[in-house]
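Residue numbers (my numbering), protein chains in the order written: chain A, 13 to 277; chain B, 2 to 162.
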């Protein structure tokens with residue numbers, strides 16, 4: 013039971029903040045080198061296609077299914093509230109705006125962090141722990157260019173597309189519940205939606221949101237894999253960190269972006 | 002061919018994403034392919050525009066013929082000036098047509114309804130609709146009802162501009 017002196021505590025505080033800053037600096041350098049420093053994607057189209065497949069196409073199922081259910085639930089809840097005021101035609105506009113502005117980008121990014129982000133981290137972490145990355149370097153192949161860059165670009169490209177698909181499927185599910193099941197008049201369902209949704213304010217702002225989320229999520233995932241301790245425990249810690257950090261970053265950034273885009277100030 | 006199916010999958014994925022964007026643009030936000038239809042501007046001054054917003058629709062006989070593009074306060078007459086953008090195809094509105102602010106349903110949005118007058122002359126670009134009917138404000142109505150004066154006092158004089 014040795015009491016820590018005050019000086020010792022101050023030292024620990026200083027050390028942990030230096031560690032945090034060092035990680036931030038490393039991740040920025042890493043991103044810079046992977047995207048611009050080393051001259052584009054190594055291996056060209058082949059590697060990118062392969063990553064687009066594993067990051068984007070394989071995430072399609074979970075995104076479509078959850079988008080469908082979220083749209084249906086929104087329509088059900090919206091209907092049960094709006095029908096009290098006799099304005100159940102507004103269900104269409106409610107579902108569309110909620111999906112386009114918030115739930116589409118955010119939920120897709122969260123699912124993406126869990127489905128594709130964790131896989132990216134584990135894959136790269138495993139490459140590191142089995143020394144594949146250093147052997148690549150040894151034979152003169154740049155791992156940043158051939159391993160990291162294609163994965164980063166695949167993430168940047170797929171997440172916005174997934175978010176768009178999520179919104180469309182959600183709106184379709186919502187219309188299925190509201191129009192076909194609950195009997196909202198189809199004409200006013202779509203007309204109300206088209207009147208209130210604007211392409212630039214809602215669709216494009218949602219797209220910008222998902223671009224930002226794609227950038228942050230993929231960056232965190234790939235960096236955590238690249239920077240992890242090369243042990244099996246280190247890989248599991250890095251995977252957990254990816255999901256936690258990416259989810260928190262997405263939710264926090266979402267608040268800031270919403271305040272900037274829709275906050276009227 | 003493992004590589005081939007993979008590439009087909011990616012291609013389909015990209016197509017699905019672009020298709021989703023198109024669908025959001027056309028079906029959900031109602032972005033029409035030819036937004037640059039010919040329009041002309043008309044002004045209308047209202048005592049109270051409470052609740053009317055930019056992009057609200059302008060209708061005649063229930064048919065949408067234009068939209069509200071700007072709302073500002075006229076400093077001289079202390080009335081709200083609403084700028085209406087009407088389709089060029091509807092260029093036969095008499096100058097004494099009436100513009101009124103109406104509500105769609107109980108809690109619905111506000112829009113402008115135009116009813117036809119009898120004048121020979123028609124509204125041109127930049128013209129002003131003088132005959133206007135302001136938005137119904139619930140509080141005013143309740144106030145009048147409490148004072149038991151609904152229908153007894155003459156309708157508010159229209160602003161002359």
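C-beta: ideal position from N, C-alpha, C; glycine also.
Since residue i and residue j are thought to touch, with beta carbons under 8 Å apart, how far apart are those beta carbons, to the nearest angstrom?
i                      : j                      : result
residue 133 of chain A : residue 246 of chain A : That belief does not hold up - the Cβ atoms of residue 133 of chain A and residue 246 of chain A are roughly 11 Å apart, past 8 Å.
residue 208 of chain A : residue 105 of chain A : 4 Å
residue 273 of chain A : residue 217 of chain A : 5 Å
residue 226 of chain A : residue 172 of chain A : 6 Å
residue 11 of chain B  : residue 45 of chain B  : That belief does not hold up - the Cβ atoms of residue 11 of chain B and residue 45 of chain B are roughly 54 Å apart, past 8 Å.
residue 206 of chain A : residue 29 of chain B  : 7 Å
residue 182 of chain A : residue 83 of chain A  : 3 Å
residue 123 of chain A : residue 74 of chain A  : 6 Å
residue 121 of chain A : residue 229 of chain A : 6 Å
residue 63 of chain A  : residue 166 of chain A : 4 Å
residue 255 of chain A : residue 126 of chain A : 6 Å
With distances taken from CA atoms, which of the options is nearest residue i?
i                      : options                      : result
residue 17 of chain B  : A:176, A:183, A:190 and A:65 : A:176
residue 137 of chain B : B:50, B:64, B:74 and B:59    : B:50
residue 85 of chain B  : B:127, B:64, B:7 and B:135   : B:127
residue 117 of chain B : B:98, B:58 and B:132         : B:98
residue 38 of chain A  : A:269, A:264 and A:235       : A:235
residue 250 of chain A : A:141, A:181 and A:153       : A:141
residue 79 of chain B  : B:48, B:64 and B:102         : B:48
residue 101 of chain B : B:8, B:53, B:125 and B:71    : B:53
residue 124 of chain B : B:96, B:133, B:132 and B:27  : B:96
residue 112 of chain A : A:184, A:61 and A:129        : A:184
residue 20 of chain B  : A:174, A:262, A:43 and A:29  : A:174
residue 111 of chain B : B:56, B:141 and B:43         : B:56
residue 145 of chain A : A:44, A:260, A:242 and A:28  : A:242
residue 171 of chain B : B:43, B:15 and B:13          : No statement about residue 171 of chain B is possible, as the shown extent of chain B runs from 2 to 162 and does not include it.
residue 63 of chain B  : B:105, B:81, B:6 and B:4     : B:105
residue 69 of chain A  : B:75, B:144 and B:8          : B:8
residue 107 of chain A : A:191, A:98 and A:264        : A:191
residue 119 of chain A : A:94, A:80, A:103 and A:99   : A:80
Please list the partners that residue i has in chain D, where partner means a Cβ-to-Cβ separation under 7 Å.
i                      : result
residue 214 of chain A : The structure shown contains no chain D; the protein chains it does contain are A and B.
Return the first residue and the last residue of the alpha helix (DSSP H) that residue i is part of.
i                      : result
residue 86 of chain B  : Note, residue 86 of chain B: premise wrong, no alpha helix (DSSP H); beta strand (DSSP E) at 80-88.
residue 91 of chain A  : 72-94
residue 201 of chain A : 198-208
residue 129 of chain A : Residue 129 of chain A -> no alpha helix (DSSP H), and no H or E assigned at all.
residue 217 of chain A : 217-239
residue 124 of chain A : 116-124
residue 26 of chain A  : 18-44
residue 144 of chain B : 139-147
residue 147 of chain A : 144-150
residue 103 of chain A : 103-109
What's the call for residue i, buried or exposed, on a 16-neighbour Cβ count within 10 Å?
i                      : result
residue 139 of chain A : buried
residue 146 of chain B : exposed
residue 163 of chain A : buried
residue 143 of chain A : exposed
residue 179 of chain A : buried
residue 90 of chain B  : exposed
residue 32 of chain A  : exposed
residue 18 of chain A  : exposed
residue 240 of chain A : buried
residue 23 of chain B  : exposed
residue 115 of chain B : buried
residue 159 of chain A : buried
residue 92 of chain A  : exposed
residue 7 of chain A   : The requested residue 7 of chain A is not part of the displayed model; chain A covers only 13 to 277.
residue 196 of chain A : buried
residue 67 of chain A  : buried
residue 35 of chain B  : At residue 35 of chain B the pLDDT is 49, less than 50, meaning the model places this residue with poor confidence; the figure from the coordinates comes in the next sentence. The residue is exposed, with fewer than 16 neighbouring Cβ atoms inside 10 Å.
residue 92 of chain B  : exposed
residue 214 of chain A : buried
residue 15 of chain A  : exposed
residue 68 of chain B  : buried
residue 34 of chain A  : exposed
residue 268 of chain A : exposed
List the endpoints of the continuous beta strand (DSSP E) containing residue i.
i                      : result
residue 103 of chain B : 99-104
residue 68 of chain B  : 64-75
residue 254 of chain A : Counting along the chain, residue 254 of chain A falls outside any beta strand (DSSP E), though it belongs to the alpha helix (DSSP H) covering 244-274.
residue 133 of chain B : 132-134
residue 111 of chain B : 111-116
Give me whichever residues DSSP pairs with residue i in a beta bridge.
i                      : result
residue 41 of chain B  : B:87
residue 123 of chain B : B:95
residue 61 of chain B  : B:64
residue 190 of chain A : Per DSSP, none; premise fails for residue 190 of chain A.
residue 47 of chain B  : B:81
residue 212 of chain A : DSSP output for residue 212 of chain A lists no bridge partner at all.
residue 128 of chain B : B:43
For the ligand ADP, is there a heavy atom less than 6 Å away from the beta-carbon of residue i?
i                      : result
residue 161 of chain A : Judged by which ligands are present, the structure shown has none, so any question about the ligand ADP falls away.
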